[in-house]
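Note that my numbering numbers the sequence shown so that position 73 is 73, with each residue one more than the last. The beta-carbon is built from N, C-alpha and C at its ideal position, and this holds for glycine as well. First the structure, in the form of C-alpha cells, and then the observations on it.
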Amino acid sequence: MKPRLLQHGRLPDATEARLAEHYDVHPFWTEADPAGFLARRGSEFVALTTRAALGADAALLAALPSLRVISSFGVGLDKLDLDTARRRGIAVGYTPDVLNDCVADTAFALLLDVSRKVSAADRFVRRGEWPKGQPFPLATRVSGKRLGMIGMGRIGRVIAHRSVGFDMEVRYHSRNPAEDAPYPYEPSLEALARWADYLVVATAGGPATRHLVSAAVLDALGPRGFLINIARGTVVDEAALIDALSQQRIAGAGLDVFEDEPNVPEALFGLDNVVLLPHIASATHETRQAMAELVFENLQQFFATGAVKKSAI
Ligand code: 8YV
1 MKPRLLQHGR LPDATEARLA EHYDVHPFWT EADPAGFLAR RGSEFVALTT
51 RAALGADAAL LAALPSLRVI SSFGVGLDKL DLDTARRRGI AVGYTPDVLN
101 DCVADTAFAL LLDVSRKVSA ADRFVRRGEW PKGQPFPLAT RVSGKRLGMI
151 GMGRIGRVIA HRSVGFDMEV RYHSRNPAED APYPYEPSLE ALARWADYLV
201 VATAGGPATR HLVSAAVLDA LGPRGFLINI ARGTVVDEAA LIDALSQQRI
251 AGAGLDVFED EPNVPEALFG LDNVVLLPHI ASATHETRQA MAELVFENLQ
301 QFFATGAVKK SAI
C-alpha cells in the first residue's frame, strides 16, 4: 500500500507525477472546505508536502494526528510549527543549500539594479524619454563599496563571496559570530548600517527577527545607503521603510520579499528608488528542479530509513 500523502500547495509537474507513483496523494488545494475535509479525513495522512510560503501551522498539524513526516519545498522554516513537530516526533525535511547560488544572484541583481537604476532607466527608455534631450540621472557606483550583511548563514556567505568580484569590503551582523566567516563581526546592527553602503538582509524570518530593520536602523544606513532584502519581509519594518524611501532618508531598496505577500504596499509603486520583485530569488528552472528533487528524496529516504535526507530539526 502506498503511504497516504497530503499535498499542501503545488509542486513542479514532474515532481507531482513522481510523487503519485510512490504515494497516495491528495491535492489539498482542491478542497473547498479545508477544515471540514481535515475533520473527516485528516487521520488518514502519514506524510505532508508543503512550501516555505505555506508552511504547516499548529491547526494543520493538530488535524493530522497520524502524521510522521513533512517535506517542505524551500529553506525558510518561519511558517512551520517546528516545536509541535519535535514534540510529536514528526520528521521535517526541507531544501537548504541547493538554492544558495540563485538567491545570492538575485541579491546582487537587486543591488546592481537599484544602485545603477537599471529598472528605472528601462522605464525611461520605454516611456520614449531618451530622444527628448533630458539626460537620465547619474547613478551610484557599486565597485569598491561597503557591504553590510545581516545574517552570515549559508546564503549570506554566498552573497558575501559574490562581492569579491566587485572589490567590496564586507562586515556582518548576526545574533552570534559565525564560525569560520572571514569577515569582521559587528555586534550592533545600527553600527553596521552606519558603516555600510549596502545593507543586505539574509537572515531567517520568524518572531526572533521581526522588524529587526527598524526606522533607527534605516536612519543609520542614511541617505546614501541601500537596503536589499531577499530573506523575509517580516525582518523589515515595512511602514518605516516606505517612510524612509519616500522621504529619501535612504537612497533606495531592492526587495524580493514583503510583509504580506502577495500584497505589495501601493505606496511603493510610484517610487523610482525601489526595485520590487514577486519573491523569485530561487525561481530558476535549475534551482526549482533541485529543490523539487530534494522534496521527493526527503520523503523517499524517510520511508526507507526513518530519517529525511536534509532535516530541519
Ligand atoms: C521558496 C523561499 O521557493 O526557500 C524559501 O524559503 O522563500 C523560496 O525559495 C518559496 O517560498 C516556496 O514556497
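Closer than 7 Å by C-beta to residue i: which residues in its own chain qualify, once you throw out the five before and the five after it? Chain order, please.
i: residue 214; result: 237, 240
i: residue 75; result: 52, 94, 95, 96, 99
i: residue 242; result: 265, 267, 268
i: residue 296; result: 15, 18, 19
i: residue 149; result: 156, 159, 160, 170, 172, 200, 202
i: residue 43; result: 65, 66
i: residue 31; result: 37
i: residue 121; result: 136
Would residue i and residue j be called neighbours here (beta carbons separated by less than 8 Å)?
i: residue 142; j: residue 115; result: yes
i: residue 110; j: residue 256; result: yes
i: residue 82; j: residue 292; result: no
i: residue 79; j: residue 57; result: yes
i: residue 103; j: residue 312; result: no
i: residue 251; j: residue 224; result: yes
i: residue 91; j: residue 226; result: no
i: residue 308; j: residue 72; result: no
i: residue 152; j: residue 193; result: no
i: residue 168; j: residue 133; result: no
i: residue 69; j: residue 299; result: yes
i: residue 228; j: residue 254; result: yes
In the DSSP assignment, what residue or residues form a beta bridge with residue i?
i: residue 263; result: 260
i: residue 73; result: 51
i: residue 87; result: Its beta-bridge partners do not exist; DSSP assigns none.
i: residue 93; result: 71, 311
i: residue 25; result: 5
i: residue 173; result: 150
i: residue 275; result: 254
i: residue 80; result: 56
Return the CA-CA distance between residue i and residue j, expressed in angstroms with no decimal places.
i: residue 199; j: residue 113; result: 15 Å
i: residue 65; j: residue 38; result: 10 Å
i: residue 315; j: residue 8; result: Not covered by the structure: residue 315. The range shown for the chain is 1 to 313.
i: residue 175; j: residue 2; result: 44 Å
i: residue 209; j: residue 306; result: 33 Å
i: residue 136; j: residue 129; result: 9 Å
i: residue 163; j: residue 147; result: 8 Å
i: residue 275; j: residue 219; result: 20 Å
i: residue 107; j: residue 230; result: 6 Å
i: residue 246; j: residue 221; result: 15 Å
i: residue 195; j: residue 55; result: 36 Å
i: residue 27; j: residue 165; result: 45 Å
i: residue 84; j: residue 177; result: 29 Å
i: residue 186; j: residue 277; result: 29 Å
i: residue 40; j: residue 29; result: 16 Å
i: residue 285; j: residue 262; result: 21 Å
i: residue 310; j: residue 290; result: 13 Å
i: residue 283; j: residue 13; result: 15 Å
i: residue 86; j: residue 59; result: 15 Å
Could you pull out every residue in the same chain whose Cβ sits closer than 8 Å to the Cβ of residue i, ignoring the five residues on either side in sequence?
i: residue 88; result: 61, 67
i: residue 234; result: 78, 205, 206, 209, 210, 211, 259
i: residue 355; result: An answer regarding residue 355 cannot be provided, because it is not within the stretch 1 to 313 covered by the chain.
i: residue 63; result: 35, 38, 39, 42
i: residue 183; result: 149, 152, 160, 170, 171, 172
i: residue 288; result: 12, 282
Give every residue of the same chain whose Cβ lies closer than 6 Å to the Cβ of residue i, excluding the five residues on either side of it in the sequence, and list them in chain order.
i: residue 5; result: 23, 25, 47
i: residue 139; result: 116, 117
i: residue 206; result: 78
Is residue i near the ligand ADP - that is, is its Cβ less than 7 Å away from at least one heavy atom of it?
i: residue 292; result: This structure does not include the ligand ADP; its bound ligands are the ligand 8YV.
Unbroken stretches of the beta strand (DSSP E), 3 residues or longer, contained in the region 142-166: Taking 3 residues as the minimum length, the beta strand (DSSP E) runs contained wholly in the region 142-166 are 146-150, in order along the chain.
If you scan the region 181-260 from start to end, which runs of the beta strand (DSSP E) of 3 or more residues do you find wholly inside it? 198-201, 226-229, 252-255
Can you give, in chain order, each stretch of the alpha helix (DSSP H) that sits fully within the region 104-129 and has at least 4 residues? 118-126
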